[in-house]
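In my numbering, the protein residues as written are 1011 to 1232.
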C-alpha cells in the first residue's frame, strides 16, 4: 500500500489552492470582459432616454405655447415679484402630469408646506436615468436671459424669441449634477454657465451634457 506523507499532502493541497486561485482569477477577468459591453449598452440606453426626456420637455413647451399663445415664464411670481414656481411646474399638464399639477397651490411658494406632497414626488421626465441624485432633484434647467429662450421678466411669444444666426436657440440644457436643483424650484442656468463650465464638471453619464434646441422654424429638437 502506498502511503502519502504529510509533506506530500501539504504540497498537493498547496498546488490545489493555487490552481483554484488562478481559476477564479480567470473567471473574474472573463466576467469583466463579458459585462463591459453590457454596461456600455445600458449606458447608451440611458443616454437615449435622457435625450428623449429633453425632447418631451421641448414638445411640452411647444404645446403650452400652442394653448396659451406664449411660452411659460421662467417662473411665476407673487404680487411682490417674488418667484414662486418654475416653468417645470407650469408645463406638467403637457407631460401627462395633470394630476400632480392640480395638487399644487400655485399661489404659494413651491416649498410651502401646502405643496409638500408635490415636493416629495419624483417626476421621471425631469430625471436623467443615469442620475444618482436624491428624489425630486433635477439637472434639467432652462437657459435664462433676455437674449436667451427664457426671459427673466416675462413670457415670450414664438415671434419674440431672440434672433439666432444659426437658426437654433438652446431652450434647456443639462447642468453639472453638483449644481442640481429641485424640479419645482424657480432656478435655471445662464449662458455664462453653459459656455464656461467648471473644470471639474460632472454629468450623470459619459459623452457630455444634453441640450434641447429650438429650431427657429417653430419646432423643438434635442
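Where is the CB? At the ideal position from N, CA and C, for every residue including glycine.
On a predicted model such as this, the values are computed, not experimentally measured, just so you know.
Close-in-space but distant-in-sequence residues of the same chain around residue i (CB under 6 Å, 5 per side omitted)
| i | result |
| --- | --- |
| residue 1059 | 1139 |
| residue 1078 | none |
| residue 1111 | 1102 and 1103 |
Simplified DSSP assignment, three categories, for residue i
| i | result |
| --- | --- |
| residue 1090 | coil |
| residue 1190 | coil |
| residue 1096 | strand |
| residue 1163 | coil |
| residue 1002 | Residue 1002 lies beyond the residue range present for the chain, which begins at 1011 and ends at 1232; the question has no answer from this structure. |
| residue 1130 | coil |
| residue 1058 | helix |
| residue 1116 | coil |
| residue 1181 | strand |
CB contact flag (residue i, residue j, <8 Å)
| i | j | result |
| --- | --- | --- |
| residue 1193 | residue 1146 | yes |
| residue 1114 | residue 1128 | yes |
| residue 1082 | residue 1101 | yes |
| residue 1195 | residue 1086 | no |
Given residue i as reference, the closest of the options once Cα atoms are compared
| i | options | result |
| --- | --- | --- |
| residue 1198 | 1148, 1071 and 1137 | 1148 |
| residue 1159 | 1121, 1095, 1134 and 1080 | 1080 |
| residue 1141 | 1190, 1164, 1035 and 1157 | 1190 |
| residue 1093 | 1173, 1171 and 1163 | 1163 |
| residue 1106 | 1070, 1169 and 1061 | 1070 |
| residue 1134 | 1026, 1031 and 1067 | 1067 |
| residue 1185 | 1170, 1179 and 1204 | 1204 |
| residue 1137 | 1037, 1063 and 1034 | 1063 |
| residue 1098 | 1122, 1089, 1132 and 1088 | 1132 |
Beta-carbon proximity list for residue i, same chain, < 7 Å, skipping 5 on both sides
| i | result |
| --- | --- |
| residue 1165 | 1080, 1081, 1082 and 1083 |
| residue 1143 | 1187 and 1190 |
| residue 1073 | 1104 |
| residue 1124 | 1115 and 1118 |
| residue 1157 | 1172 |
| residue 1121 | 1129 |
Proximal residues to residue i (C-beta, below 8 Å), its chain only, five neighbours per side dropped
| i | result |
| --- | --- |
| residue 1167 | 1075, 1079, 1080 and 1081 |
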